[in-house]
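Residues are numbered in the numbering used here as their position in the sequence shown, beginning at 1, plus a constant of 184. Where a beta carbon is used, it is the ideal one built from N, C-alpha and C, also for glycine. These figures come from a predicted structure and were not determined experimentally. Read through the structure below, which is laid out as C-alpha cells, and then see the notes.
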Amino acid sequence: MSYLRPLDVASSRPLLHERGRPAETKLLGLELVRFVCAFAVLVWHYQHFYSIIGAPAFNPSAQPLHALLEPFYRYGMFGVQIFWGISGFIFFWKYGQAIADLRVGGAKFFWLRLSRLYPLHFATLLLVASLQPIHVALTGHSFVYQGNDAPNFVAQLFMATHWGRPTPFTFNGPIWSVSAEVFVYALFFLLVRRFGAGWGTIAGTIAATLAAMTAGFASPVLLCASYFFVGGAAARLFLERQLAGRTSTLVPLSLGALALIAIGSRLGGVTLTEQNIVLLLLAATPPLLLLAAQDWQLLGRWPQTIQAVGNLTYSTYLIHFPMQLLVAVACAATGLVLPVQSPLLLVVYLVATIAIGRWLFLRLERPAQNWIRRQTLAPRPAAA
C-alpha cells in the first residue's frame, strides 16, 4: 500500500525572525509551491472517479488531458512530501527559536495547531461518515476507502490513524498525512524545547529517521519527520543567510545542488521507483524550498492573489474526496454514468473543488479558527 499521497502547513504570513524581529518577506514562493502541490494532488486523485458505478476500467493514459497533465497524473502523489517539507521550513522559522527560548509554551503551541486543523477535519469527517452508508446501501460497498467502522471513526476523531505502522485509509482518506504530521508537531516541540533549534537537533533527527527506515521500521511518522526536519534544515540555512543579508547567495547554491542530484541520478542509472523518488525528493527538497523562499520581485506584483491560493491548500485537500463521494452517491442513486474521460469533467472537478475550498476557507475554516482562539487564547480582562 502506498503512503505517498496527500496536509496542512502553517501560514507563512506572521513570521518571526530567529531573534524575534518581524520578517520582511511573506515567502510568496512557498505559498505558490503549496498551491501547485495541492493542484497536483487534485489531479492525482481524479482516478477516484473511475470507481464510480458505470465508469470504464481505469486506464492511466486515457485520463483527460493526459498529454498536458501527465506529470501530475504520474507523480502528483508525491505532493505530500513537499507539503511536509514546507511545513518544517515554516515551523522552524516561525516557532523554532521561540520554543527553544521558552517564549512559546506547549499548551499555546498545540492549541494554535488544533484550532487550525480540527474544525474542517471534523466537518469533513462527519460528511464522509454520513455519505458512505448511503453509498453502501446503494452499491453494496464503500467508495474508494474501506474500513469505515466505529474504531476507525474514533481514531479519526483524534487524528491518530497513522501514528504507528502503515494502516489502510479510512473515511476521509487524505487526512492520513495530517495525522502523521500532528505526531511530528509533538516531536518537533519536544526536541526543540529540550535540545534547541540548531543544526544538532535537525541533523540528529534526520539521521535517526533515516536509520530507522533503513532498518525496516515502516511508519508514516518516520517519513513525515524526515521531510519535516529536512525542511527545517533549509529554514535554518535561510535564517543564517538572512541575518547576514546574503540570501541571494542561496540561489546559485540551490540550483547547483539540484543539478548535481539530477546528473547523479542520471549517471547512476537510478530507476524511478517509488522508493527512489522518495529519496531523490528528500535530497531535492531543501534547495527547492530555498529557491521558493527568495524574495522574487515578480511574485511581489500579486501578493494577495498568491496568498489567497496558498490558503486554499488545506480546504481543497480535505474537501475533494467528500465531493467525489457525493458525486458517486448521486450517480448510484440516479443511474447517471459520468464521462470520466472527458476534459470537461476534469475542468469542472478542479474548478468546483477550488471554488468550494475558497468558500470553506472564508466561511468555515478561518472563522472557526478565529472564534476558537478568541475564546481560549485572548487575554481576559482583569477583574475589578
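Distance CB(residue i)-CB(residue j) smaller than 9 Å
i	j	result
A239	V521	yes
T389	L371	yes
L423	L434	no
H319	A516	yes
L427	S410	no
L561	P248	no
L496	Q265	no
P470	G269	yes
I503	I540	yes
F233	V454	no
L341	L509	no
V155	Y533	Nothing can be reported for residue 155: it is not among the residues displayed for the chain, which extend from 185 to 568.
N332	A344	no
P350	A402	yes
S299	Q553	yes
Residue i versus residue j - alpha carbon distance
i	j	result
F367	G519	42 Å
Q525	Q231	10 Å
V227	G280	34 Å
A443	W383	25 Å
N356	L548	18 Å
W347	M397	15 Å
A326	A536	In the sequence as displayed, the identity of residue 326 is Ser instead of Ala. Going from the Cα of S326 to the Cα of A536 covers about 23 Å.
L474	A468	10 Å
A339	A392	27 Å
A441	Y498	30 Å
V328	R425	46 Å
L463	S361	18 Å
D285	I386	17 Å
I538	R218	14 Å
P352	Q330	8 Å
Q481	Q491	15 Å
F223	F505	14 Å
G494	L216	6 Å
I447	L301	39 Å
F267	A477	14 Å
A334	F293	30 Å
E365	E254	28 Å
T323	F256	30 Å
T354	L437	42 Å
C221	F545	18 Å
G380	N243	50 Å
S271	A246	34 Å
V288	A282	6 Å
R542	A399	43 Å
R450	I237	42 Å
G452	F413	27 Å
Q459	H250	24 Å
R377	P317	45 Å
F337	P358	14 Å
L639	V513	With the chain covering only 185 through 568, there is no way to say anything about residue 639.
G429	D479	12 Å
DSSP three-state assignment for residue i, whether helix, strand or coil
i	result
T431	helix
M261	helix
S526	coil
A241	coil
S438	helix
Q456	First, the amino acid is wrong: residue 456 is Leu here, not Gln. Residue state, collapsed to three classes: coil.
M343	coil
L140	Residue 140 falls outside the range modelled here, since the chain spans only 185 to 568, and no answer is possible.
Y329	coil
L561	coil
G416	helix
I236	coil
A468	helix
S403	coil
G324	coil
Contact test: residue i Cβ vs the ligand SAH heavy atom, cutoff 8 Å
i	result
T433	Only the bare structure without any ligand can be found here, which leaves the ligand SAH out of the picture.
C-beta neighbour in chain C for residue i, strict 9 Å
i	result
S403	Considering every chain present, this structure includes no chain C. It has just one protein chain.
Should the stretch 267-277 be regarded as contacting the stretch 414-426, the criterion being three or more beta carbon pairs within less than 8 Å?
-> yes
Output the residue ranges of the alpha helix (DSSP H) runs that lie fully inside the stretch 470-543 and measure 4 residues or longer, sorted by chain position.
-> 487-494, 497-518
Where in the stretch 246-303 do unbroken runs of the alpha helix (DSSP H), each at least 4 residues long, occur, reported from the N-terminal end onward?
-> 250-259, 263-275, 281-284
At a cut of 8 Å, does the stretch 305-315 reach the stretch 250-265 through at least three beta carbon pairs?
-> no
Should the stretch 479-497 be regarded as contacting the stretch 211-218, the criterion being three or more beta carbon pairs within less than 8 Å?
-> yes
Which runs of the alpha helix (DSSP H) fall wholly inside the stretch 334-399 and span at least 4 residues, in chain order?
-> 334-341, 360-379, 383-398
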